[in-house]
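Report on one structure; see the data block that follows.
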Amino acid sequence: MAKKSYPESFAHPRYWLTWLGIGAMKASAYLPWCAKLWLGRGLGELAWRFGKRRRHITDTNLKLCFPEWSEAERARQVRKTFHANGIGIFETATGWCRDPEHMRDRVTFKGQEHMERAMAQGKGALIVGIHFSTLDLGGALHSLFFPADVVYRPHDNPLFERFMTRARNGIFGTAIDRHDLRGVVRRIKSGHGVWYSPDQDFGREVSVFAPFFGIDAASIKLTAKIARMTGAPVMPLMFHRNPDNRTYTLEYLPALDNFPSGDDVADATRINAFIEGAIRKHPEQYLWLHRRFKTRPEKTDPSLY
Numbered sequence: 007m008a009k010k011s012y013p014e015s016f017a018h019p020r021y022w023l024t025w026l027g028i029g030a031m032k033a034s035a036y037l038p039w040c041a042k043l044w045l046g047r048g049l050g051e052l053a054w055r056f057g058k059r060r061r062h063i064t065d066t067n068l069k070l071c072f073p074e075w076s077e078a079e080r081a082r083q084v085r086k087t088f089h090a091n092g093i094g095i096f097e098t099a100t101g102w103c104r105d106p107e108h109m110r111d112r113v114t115f116k117g118q119e120h121m122e123r124a125m126a127q128g129k130g131a132l133i134v135g136i137h138f139s140t141l142d143l144g145g146a147l148h149s150l151f152f153p154a155d156v157v158y159r160p161h162d163n164p165l166f167e168r169f170m171t172r173a174r175n176g177i178f179g180t181a182i183d184r185h186d187l188r189g190v191v192r193r194i195k196s197g198h199g200v201w202y203s204p205d206q207d208f209g210r211e212v213s214v215f216a217p218f219f220g221i222d223a224a225s226i227k228l229t230a231k232i233a234r235m236t237g238a239p240v241m242p243l244m245f246h247r248n249p250d251n252r253t254y255t256l257e258y259l260p261a262l263d264n265f266p267s268g269d270d271v272a273d274a275t276r277i278n279a280f281i282e283g284a285i286r287k288h289p290e291q292y293l294w295l296h297r298r299f300k301t302r303p304e305k306t307d308p309s310l311y
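Read in order, the letters of the sequence shown are residues 7 to 311 in our numbering.
Dropping the structure here:
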C-alpha cells in the first residue's frame with residue numbers, strides 16, 4: 007500500500023483538533039502584548055485549578071529545592087509557576103510564528119563578547135540552555151544575534167511535530183532530534199553553535215547522579231560527551247522575562263574552562279550548578295511541572311512524587 011501524502015493523512019478527523027490548536031497558536035502570536043499576558047495568566051490559572059497531578063509535582067519540586075520557603079510562600083510560587091508557563095505558551099507561539107525582528111527592542115543581550123570569542127575559534131559551540139517557560143522565544147531572539155541549531159524532543163503527534171519542526175527550522179539553522187548524536191557532532195564540527203538543554207531526567211542509562219539543589223539528581227552525561235567528541239567550547243546561556251513582563255534578558259557567561267574534565271560526575275555537577283544559579287534568579291519561570299527527580303540513585307529508593 008502506498009504511503010499517504012501529508013495533506014491526505016493530516017486531513018483525517020483525528021487531526022482536526024490539532025489543526026485548530028495550530029491555528030490558535032498562529033493567531034495568538036499576533037495579539038497585543040497585554041492580551042498575551044492576560045490570556046497566558048488565565049490559562050495558567052485554569053491549569054493550576056484543575057491540574058491536580060501537575061500541581062502536586064510542582065509543589066514537590068519546590069519543597070525539595072527550596073526547603074527554606076514557608077508553606078504559604080511555596081503555594082504562591084506554585085501558582086506563579088503555572089501563570090508563567092501559561093504565558094510561555096503565548097511566548098512560544100510568538101517565537102514560532104512571527105519574525106523575531108519585531109521583538110528586537112524588547113531584548114537586552116549581555117555577554118555577546120563571550121560567544122563571539124568562542125565562535126572565533128572555529129570549533130563551533132555547544133550552547134547550554136535551560137527549560138524556562140521562555141525557551142522557544144529565547145531561541146527566536148537569540149537568532150537576532152547569532153545563528154544556531156537546536157536539539158529537541160520530537161512530538162508524539164505527527165502533525166504537531168511537523169508544525170513544530172518547521173517553526174524551529176525557521177528560527178534555527180537545523181532542528182536536530184535529541185537521539186541524533188552524530189547529527190549534533192557533525193553540525194558542531196562544521197562550525198555551528200548548537201543549543202541544547204540538559205536539565206531534564208532522561209533515565210538511569212544515560213545519566214550520572216549529581217547534586218541539583220542539594221539532591222542527587224539523574225543528570226545526563228551527554229554534555230561532556232559532546233564537548234569531548236567535538237572539542238567545542240561549552241557556552242552557558244541564561245534567558246528570562248524581566249519583572250516588567252514586557253522585556254527579556256539573554257545573557258552568555260564565559261565558556262566553561264577545563265570542560266570536560268574526564269570526571270562525568272564533576273562535569274554534571276558544574277552544569278547543574280549553572281542551571282541552579284539561573285533558576286534561583288527567576289524560579290517561577292522554570293519548568294517545575296516536570297518530574298526532575300523521577301529517577302532515584304537506587305532502584306529501591308521510594309518515589310519522591
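Beta carbons are placed, not taken as given, at the ideal position from N, Cα and C, and that holds for glycine.
Values in this document were obtained by computation on a predicted structure and should not be read as measured data.
Ile-177: not part of any beta strand (DSSP E); member of the alpha helix (DSSP H) spanning 164–177, first to last residue. With a contact defined as Cβ atoms closer than 8 Å, Lys-231 and Val-214 miss out at about 11 Å. At the C-beta level, Ala-223 and Arg-298 come within 8 Å of one another.
Beta-bridge partners of Pro-217 (DSSP): Asp-222. Taking the CA atoms as reference points, Phe-151 sits about 26 Å from Met-235. Contact annotation: Tyr-202 and Gly-135 have beta-carbon atoms nearer than 8 Å.
For Met-121, there is no enclosing beta strand (DSSP E); the enclosing alpha helix (DSSP H) has its first and last residue at 118–125. When the five nearest sequence neighbours on each side are left out, the beta carbons in the same chain lying within less than 7 Å of the beta carbon of Thr-24 are those of Asn-163, Leu-165 and Phe-166, in order along the chain.
For Thr-255, the enclosing beta strand (DSSP E) begins and ends at 254–258.
For Phe-299, no beta strand (DSSP E) segment is defined, and its DSSP state is neither H nor E.
Distance from the Cα of Gly-117 is smallest, within the candidate group Ala-261, Ile-277, Glu-282 and His-288, for Ala-261. Distance from the CA atom of Phe-115 to the CA atom of His-198, rounded to whole angstroms, is 20 Å.
At least 8 Å separates the beta-carbon of Leu-37 from that of Thr-98. Runs of the beta strand (DSSP E) lying entirely within the stretch 71–120, each at least 3 residues long, are 113–116 in chain order. One Cα belongs to Gly-130, the other to Thr-255, and the distance between them is close to 23 Å. Counting every other CB atom within 10 Å of its CB across the protein chains shown gives Glu-290 a total of 16 or more, marking it as buried.
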